[in-house]
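So the sequence shown is residues 1 to 602, counted in the working numbering. Notes follow once the structure below has been shown.
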Amino acid sequence: MKQSMLYPRATSTRRVADMNGMWKFRLDKENEGEEQGWKNGIPGADLIPVPASFNDFYTDKESREFTGDFWYETEVFVPGEWKGRHIDVRFAAVTHRCTVYVNGQEIISHEGGFLPFSARIDEVVNWNEPNRVVVKGNNELSFTSLPAGISVTLENGRKMTKPFFDFFNYAGIQRPVKLVVLPEESIVDFTLNYALEGNDASVSYQVETTGDHPVTVEVYDESGKPVARGEGKEGCLKIENVHLWEVHNAYLYHFVLKVLDGEEVLDEYYDEIGIRTFAVEGNRFLLNGNPVYLKGFGKHEDSDIVGRGFNIGVMKRDFELMKWIGANSFRTSHYPYSEEIYQMADREGFLVIDELPAVGFFESLANFVDAVSGKTTNFFDRPTVPELKKNQLAMLEDLIARDKNHACVIAWSLFNEPDTMTDSAAPYFEEIFARAKELDVQKRPRTFAMELNSSPEHCKCHQFCDFLCLNRYYGWYLLGGYEMVNAETAFRKEMDAWLAKGVNCPMVFTEYGCDNLQGEHKLPSVQWSTEYEMEYLEMFHRVFDSYECVKGEQVWNFADFQTVEGIMRVNGNKKGIFTRQRQPKEAAYYFKKRWESLPLDY
Ligand SMILES: CCCN1C[C@@H](O)[C@H](O)[C@@H](C(=O)O)C1
């Protein structure tokens, strides 16, 4: 049965119970959990919060750096009155993979740490009693995992993760867990597409259910007034004098879907939907037919203590800071974010580039240095590519199924900084890009974030993009310091080379920035000082402002974030415009001034 990606919502026919809280936890340091039967219950008394990464709770390095299997356990009471309905344990994300056991029975295994899945427990549930849920998780990286990396074994026999990317490999049950109770015949999915006609909009819809009873779709405006109604599993609704969803001026219609048996409502589901169109036309982005320029950030889901765990308070603070600074967009670098973040972006009117966790597809333990070296790692020549592609296609399908109805999602980023310098990369990319177009009814523009090795001269995959996303560090990882003057020359030379190739699409800088230790000042400047960061940003914006094809600037990064330790990282990456505790560094005031003065259609 196809897994529903619908966000859990309680309605007249559905029930949702929260399973977040303190779960039993144990790292499987001796790799004994399987043979010791931990699926029936894990030993020890340690409890940790769900949702959260497990890495930053403990005081010993072995726990923070642990690589391998880890086990969680909780109990959930299932009332007898739910008998006859489907009972699902829905995980919004377990990173990077897991197997779920209920009452000692294996229910489901899932690969991928950033998208939801459900364990249907009808066959094993103890009605009107507590039920034991055990999750065996694993955080190991490989050449076939998304994200990619490797594990090595140390002299003491412990494994260690070596990521091919620049963010800490946080892991665990990192997003909410809910018990979802569904009727026998239920709505599995729905898909929407829009066309604007003068002051009206036509909304084409398709609804997928588990049965054959008739379906209706009702649409209400924000005042609760009914504005449209459709009958049948597919159709087209006309909304007159439509309130379009706009940047920082979101309007969300209330869609109610029902499965009916005469007057009886067999299933009911609802969602808050923004009606808008988004397209690329020449080298412009058009939102509802009007040009728009992206101002904002590359982000991470990353915060103190809970690591990559969904943190609703940090989410709220991040959106308040993005409104304060004058941003209108962000990229979900380098993986799909929590569903609640897209819901908030819908409500606040932010434009989101939604990114797959296809990061680390360039074999390097310091990609930030190697990615500007001009070398290839022949990543797509490896025998592991078929398995990797299978995993990426599966995640692409889930990503689009989960996020396709969000007004905020305006593009799909299908990779971050892959190795695109070999002929073997092109057919891989062609298949991924074609599949994305096939899966997305709204045909949103597709792209990937390109590091410097993906240059006009050497990149073999940029032609698949509907717009280009460039991650560039002229003046930081190359030609930094006093030779920044050469950095600007080299940067302009590259821009001219793209144009000379006949590239005529929007170009978005999805990464540019430099590390800055908050409060570090030096006159004249040195790298890592605030003064240098200002010089660097002025140079980049001078170049952006002189090329008409630049239609977006997403500085790296919104906030300081955790990485592996190393001599080029000071307890993490310090390119944040805000600190990890979400307080402004000096550059925040610089961006506020720039972005508040840039018109939306700049
Ligand atoms: C060319 C380097 C790409 N980029 C990837 C991103 O994940 C890193 O955090 C960033 C950086 O080094 O700050 C560089």
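Ideal placement from N, C-alpha and C gives every residue a C-beta, glycine not left out. Please read these numbers as outputs of a predicted model, since none were measured by experiment.
* Asked: Cβ-heavy atom distance between Trp38 and ligand 1 below 7 Å?
  -> Incorrect: Trp38 has no Cβ contact closer than 7 Å to ligand 1.
* To do: Return yes when at least one heavy atom of ligand 2 lies under 7 Å from the C-beta of Asp221, else no.
  => This structure does not include ligand 2; its bound ligands are ligand 1.
* **Met421 beta carbon less than 8 Å from that of Lys389** => no
* Pair within 8 Å by beta-carbon distance, Thr210 and Glu185 -> yes
* To do: Taking Gly326 and Lys295 to be in contact with their CB atoms under 8 Å, please state how far apart those CB atoms are, rounded to whole angstroms.
  => 7 Å
* Sorry if obvious, but does the Cβ on Glu533 come closer than 7 Å to a heavy atom of ligand 1? -> Judged by the Cβ position, Glu533 fails to qualify as a neighbour of ligand 1 at the 7 Å threshold, every heavy atom of the ligand being at least this far.
* Taking C-beta to C-beta, are Tyr270 and Thr11 nearer than 8 Å? -> For Tyr270 and Thr11, yes; Cβs fall inside 8 Å.
* To do: Look at the alpha carbon of Thr579 and the alpha carbon of Ser303, and state the distance between them as a whole number of angstroms.
  => 10 Å
* Which partner residues does Arg276 have in the DSSP bridge list? -> Note: Arg276 sits in no beta bridge, so no partner.
* Asked: Within this structure, are the beta carbons of Arg15 and Val181 separated by less than 8 Å?
  -> yes
* To do: Grab the span of the alpha helix (DSSP H) containing Tyr342 for me, first residue to last.
  => Glu339 to Glu348
* **Contiguous beta strand (DSSP E) assignments of at least 3 residues, all confined to the region 256-324** => 264-274, 278-281, 284-287, 290-292 and 294-298
* Would you mind working out which of Asp212, Tyr251 and Lys238 sits nearest Ser223, comparing C-alpha positions? => Closest in C-alpha terms to Ser223, from the list Asp212, Tyr251 and Lys238, comes Tyr251.
* **Sequence-distant residues of its chain with Cβ nearer than 6 Å to Phe25 (five each side left out)** => Asp46, Ile48 and Tyr72
* Status (buried if at least 16 other CB within 10 Å, exposed otherwise) for Thr74 -> buried
* beta-carbon Val372 near ligand 1 non-hydrogen atom, thresh 7 Å -> yes
* For Asp515, three-class secondary structure by DSSP -> coil
* Asked: Is it true that the CB of Lys162 sits closer than 8 Å to the CB of Val365?
  -> Here residue 365 turns out to be Leu, not Val, going by the sequence shown. Result yes, Cβ atoms of Leu365 and Lys162 sit closer than 8 Å.
* To do: Using the DSSP secondary-structure output, state which residues sit across from Arg569 in a beta bridge.
  => Gly566
* To do: Just the C-alpha distance for His462 and Pro456, rounded to the nearest angstrom, thanks.
  => 9 Å
* To do: Helix, strand or coil for Phe448, going by three-state DSSP, please let me know.
  => Three-state DSSP puts Phe448 in a strand.
* **Cutoff 8 Å; reference Phe362; Cβ partners in own chain excluding five residues on either side** => Counting only Cβ-Cβ distances below 8 Å, and skipping sequence neighbours, we find Phe164, Asp370, Ala371, Thr377, Phe379, Glu417, Pro418, Asp419, Glu451 and Asn453.
* Can you find a heavy atom of ligand 1 that lies under 7 Å from the Cβ of Asn367? -> yes
* **Near ligand 1: Asp166 beta-carbon under 7 Å from a heavy atom** => Flag set: Cβ of Asp166 near ligand 1.
* Asked: Taking the alpha helix (DSSP H) that Tyr428 falls in, what are its first and last residues?
  -> Ala425 to Leu439
* Asked: Leaving out five residues before and five after His213 in sequence, what residues of the same chain have Cβ atoms less than 8 Å from its Cβ?
  -> Glu185, Val259, Leu260, Asp261 and Leu266
* To do: With hydrogens ignored, establish whether the beta-carbon of His334 is closer than 7 Å to any heavy atom of ligand 1.
  => Under cutoff, so the answer is yes.
* Complete beta strand (DSSP E) runs within the region 105-130 (minimum length 3 residues, chain order) -> 105-111 and 117-120
* How many whole angstroms separate the CB atoms of Phe558 and Phe297, which I take to be in contact at a CB cut-off of 8 Å? -> 4 Å
* Asked: What residue range is occupied by the uninterrupted beta strand (DSSP E) comprising Asn471?
  -> Leu468 to Asn471
* Asked: Going by DSSP, which residues form a beta bridge with Tyr482?
  -> Answer is none; Tyr482 lacks a bridge partner.
* Based on Cα-Cα distance, which residue from Asn128, Trp528 and Arg175 lies nearest to Pro336? -> Arg175
* Taking only the alpha-carbon atoms, compute the straight-line gap between Gly172 and Pro147 and give it to the nearest angstrom. => 15 Å
* To do: List the DSSP bridge partners of Leu600.
  => None, per the DSSP bridge assignment.
* To do: Would you kindly check if the distance between the Cβ of Asn283 and the Cβ of Cys549 is under 8 Å?
  => Cβ distance < 8 Å, so Cys549 and Asn283 count as in contact.
* To do: Could you check which residue in Ser373, Tyr602, Lys522 and Leu439 has the C-alpha nearest to that of Asn405?
  => Checked all of Ser373, Tyr602, Lys522 and Leu439; the closest Cα to Asn405 is Leu439.
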